[in-house]
Ligand code: GLP
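In this note's numbering, the protein residues as written are 18 to 257.
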């Protein structure tokens, strides 16, 4: 079972995970971080700004979980842009060492396998940060995703498009497809750290941590991992 850590609020969660990441980078200056988007990891990135001030992070490598398909990488809401803005620039990471799946429609049929090969060539992810969707998705692995899945194109559910519509001018502008690391890819990271805050995530957290293993709750895949840590506030832990 995953180790569950209950903290007071999202800022405390951010500090805790940032500490772990700073220790990792102190041990290995070319650590491989698994980066996530969404609002959940933001307190981690904020805390890392202090923790890593004065630390040489020029060799740190990173792999994002997912990307929309069919929006230009320069679009402010592409995950490429989000990762640059929220992680690479503020932390002073080396842009060429931080990878995001290629969501360009041209060549999309090979993009997943190419991304998995890049992760393998880097020696795998040391620490993977994860959020969880209200429907239990991790990365963009929507309900029904195979536990053995690799990086590939998926169709976004209506729920996820609605949840993410706040980042676009209208729901019609939210892409229909994405490319996401598969659950099998994610499970290969050496340490999974799943964060969640607020009552809205309580059911998904309980299902992921204690529910049956099922493709209908992709987050439940973390139960298969030998080193998974779940960091939640009281509200997100309320159904455990
Ligand atoms: C998005 C991302 C996920 C993220 C989830 C939750 O769809 N692809 O990686 O975990 O939504 O988002 P939030 O953290 O904003 O609640």
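Even for Gly, the Cβ is constructed at its ideal location relative to N, Cα and C.
Per-residue DSSP class, three states only, for residue 250: strand
Three or more C-beta pairs below 8 Å linking the region 206–215 and the region 47–61: yes
Per DSSP, cross-strand counterpart(s) of residue 194: 172
Beta-carbon separation (whole angstroms), residue 30 vs residue 60, contact threshold 8 Å: 6 Å
The ligand GLP heavy atom lying under 6 Å from the CB of residue 56: yes
Residue 236 vs residue 197 beta-carbon contact at 7 Å: no
Exposed unless 16 or more other CB atoms sit within 10 angstroms - verdict on residue 254: buried
For residue 54, the nearest candidate out of 23, 189, 28 and 97 (CA to CA): 97
Proximity winner among 45, 170, 221 and 183, relative to residue 87 (alpha-carbon distances): 170
Buried or exposed (CB count within 10 angstroms, at least 16 for buried), residue 24: buried
Which of helix, strand or coil DSSP assigns to residue 133: helix
Touch test, the region 186–197 against the region 219–237, Cβ-Cβ under 8 Å, three pairs minimum: no
Spatial neighbours of residue 15 in its chain, beta-carbon cut-off 8 Å, leaving aside the 5 residues before and after: Outside the displayed range of the chain (18 to 257) lies residue 15, so it cannot be described from this structure.
Residue 83 Cβ short of 6 Å to the ligand GLP heavy atom set: yes
Limits of the unbroken alpha helix (DSSP H) element including residue 224: 219–227
Reduced DSSP secondary structure (H/G/I, E/B, other) of residue 67: helix
Three or more C-beta pairs below 8 Å linking the region 161–168 and the region 120–131: yes
Contiguous alpha helix (DSSP H) assignments of at least 4 residues, all confined to the region 106–152: 125–138
Of the residues 144, 181, 245 and 177, the one placed nearest residue 154, counting alpha carbons only: 177
Reduced DSSP secondary structure (H/G/I, E/B, other) of residue 179: helix
DSSP state of residue 200 mapped onto helix, strand, coil: helix
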